[in-house]
Structure formats: C-alpha cells, structure tokens
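Numbering (my numbering), first residue to last: 28 to 277.
What follows is the structure in structure tokens.
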C-alpha cells in the first residue's frame with residue numbers, strides 16, 4: 028500500500044484501464060506531479076491538460092460567513108434572489124466571485140503565481156502528450172493569472188492555455204482573457220451546454236474541466252453529456268472528476 032501516493036507500476040495499470048474504457052485525455056489537476064507521470068502518458072498516447080499547482084478555493088471562507096453563503100447559493104438559472112439575470116454560466120453571485128478573485132487580483136501574489144506556472148511549463152514543455160497548459164484551479168481570476176497566461180505565450184505559442192476561472196465576471200473589473208484559448212466550465216448541466224452552444228458571441232471551443240463528480244452509485248446523466256459531445260463540434264471534451272477514490276481506508 029502506498030497511501031496518498033502511487034507507484035509507477037500502479038499508474039501504468041491505471042493508464043491501461045483508461046485505455047480499455049476509451050479514455051483518451053487526462054487533466055493532471057492542481058497537485059505536484061511525479062516526474063515519471065508524463066513520460067508514461069507520452070508512451071501510452073494520452074492527451075494531457077497539464078495544470079500548475081495552484082488553488083485558493085478555501086480563501087472564500089475568509090470573507091463570507093456561513094450564513095451569507097447559505098443565503099446566496101449557486102444556481103443554474105442565472106437568476107439571483109433580486110431577479111438580476113446574468114449570462115449562462117454566471118453561476119455565483121457577484122460578491123462571491125469578487126471574493127474568489129481577491130488573491131488573483133492582488134499584485135503581491137503575482138510573482139508566486141507566475142512562478143508556479145513557469146515551473147510547470149519549463150518542466151514539461153518537451154513532453155509530447157501535453158496539448159494544454161492550465162493555470163490552476165478555483166483560484167479566481169485577475170492580473171496575476173493574466174500575467175501567467177501572457178508569460179506562457181512568450182515561450183510556447185503552439186499549445187493552448189486553459190483556465191476555468193477565467194469565465195468569472197468581476198463586479199467592477201473587466202479582465203483580459205485574450206491569452207485564454209478555450210471556454211472552460213465545471214459541473215454545468217446538459218441544458219446549459221445547449222444554451223452556450225446557441226449563443227451568438229461564442230468564439231472558443233468548450234471544455235468541461237470537471238463534471239460527473241461521484242462517490243459511489245451515480246453518474247446517471249453521462250449519456251446526456253456524451254450525446255452533446257457528439258452533437259456539437261465546438262464541445263471539445265470533458266473530464267470526469269475524478270479517476271478513482273482519494274485514498275485507502277485507514
């Protein structure tokens with residue numbers, strides 16, 4: 028048993044199982060990677076979304092009480108309790124989005140965020156399986172990530188840049204998303220995908236960087252997602268969260 032880590036031989040077993048189940052792409056997610064990971068994905072022929080080790084998900088709890096979050100839950104309608112209507116995919120109320128973006132907009136974190144992205148790119152830029160660079164996960168958007176995306180474009184103009192939180196709309200700041208190459212969302216419904224694909228202003232392919240998160244007997248709507256993957260040329264792919272359970276039972 029290896030607990031929270033896996034050995035190269037265990038990873039090879041996982042890759043073979045993925046191949047047997049027609050999985051052709053892997054998002055590495057926001058964790059430090061074992062150095063042999065991408066050597067093996069090169070060998071087995073997977074597409075890789077290579078993600079920098081950045082996440083600030085829990086920072087929102089520093090700015091909002093449980094009561095506030097309970098009263099302002101996410102919803103898929105785009106309509107808040109005050110009847111304000113937001114574009115499809117604008118799933119969080121503005122104050123929550125602004126809180127998510129605190130660190131991403133704070134220049135004192137820019138060097139650290141760019142450095143983590145830079146190390147990811149320089150480490151893996153010679154790996155044939157990498158087709159996307161991902162800036163991180165659930166860390167808001169702002170000038171720190173704008174700088175990271177711009178830096179990637181100075182060293183690699185061939186691969187695409189991905190970041191799901193670039194979809195967020197701050198209440199007072201218009202972000203520069205010119206270096207983000209795909210529209211990325213997580214856990215949006217099949218009906219939302221229909222709305223997205225029908226929108227006139229869509230100019231980037233869509234990816235679900237996470238969907239169908241399940242622990243146990245679930246994933247009953249996979250057929251609905253798969254049908255849309257086949258229907259829409261602009262729906263480029265989707266990544267189930269996640270491949271297997273988190274760890275062994277203690």
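Cβ atoms here follow ideal geometry from the backbone N, Cα and C, with glycine treated the same way.
No experiment lies behind these values; they were computed from the predicted model shown.
Only residues of its own chain outside the window of five on either side were considered, and among them 171, 174, 175, 178 have a CB closer than 8 Å to the CB of residue 141, listed in chain order.
Here residue 182 is not near residue 77, since their CB atoms are 9 Å or more apart. For residue 81, the three-state secondary structure derived from DSSP is coil. The count of Cβ pairs closer than 8 Å, one atom from the segment 215-231 and one from the segment 157-168, stays below three, leaving the stretches out of contact. Three or more Cβ pairs closer than 8 Å define a contact, and the segment 119-129 falls short of that threshold against the segment 28-43. Taking the C-beta atoms as reference points, residue 234 is found nearer than 9 Å to residue 266. Linking residue 263 to residue 232 through their CA atoms gives a straight-line distance of about 6 Å.
Residue environment: residue 195 is assigned as buried (16 or more neighbouring CB atoms within 10 Å of its CB, all protein chains considered). Fewer than three pairs of CB atoms, one per stretch, sit closer than 8 Å, so the segment 48-62 makes no contact with the segment 128-136. Counting along the chain, residue 147 sits inside the alpha helix (DSSP H) bounded by residues 137-151. About 29 Å separates the beta carbon of residue 81 from that of residue 48, a gap too long to meet the 8 Å contact definition. Secondary structure remark: continuous alpha helix (DSSP H) runs of at least 4 residues inside the segment 156-188, in chain order: 170-182. Beta-bridge analysis with DSSP links residue 235 to 212, 265.
Beta-bridge partners of residue 74 (DSSP): 52.
Within the same chain, Cβ atoms closer than 6 Å to the Cβ of residue 193 are found at 168, 204, 207, the five residues on either side in sequence being excluded. Check the Cα spacing between residue 59 and each of 144, 189, 28: the tightest is with 144. With 16 or more other Cβ atoms from the protein chains shown falling within 10 Å of its own Cβ, residue 79 counts as buried. Residue 251: member of the alpha helix (DSSP H) spanning 249-258, first to last residue.
Inclusion of residue 238 and residue 213 in the CB contact set at 9 Å is warranted, their separation being smaller than that value. Contact between residue 224 and residue 190 does not hold, since the beta-carbon distance rounds to 21 Å and is not under 8 Å.
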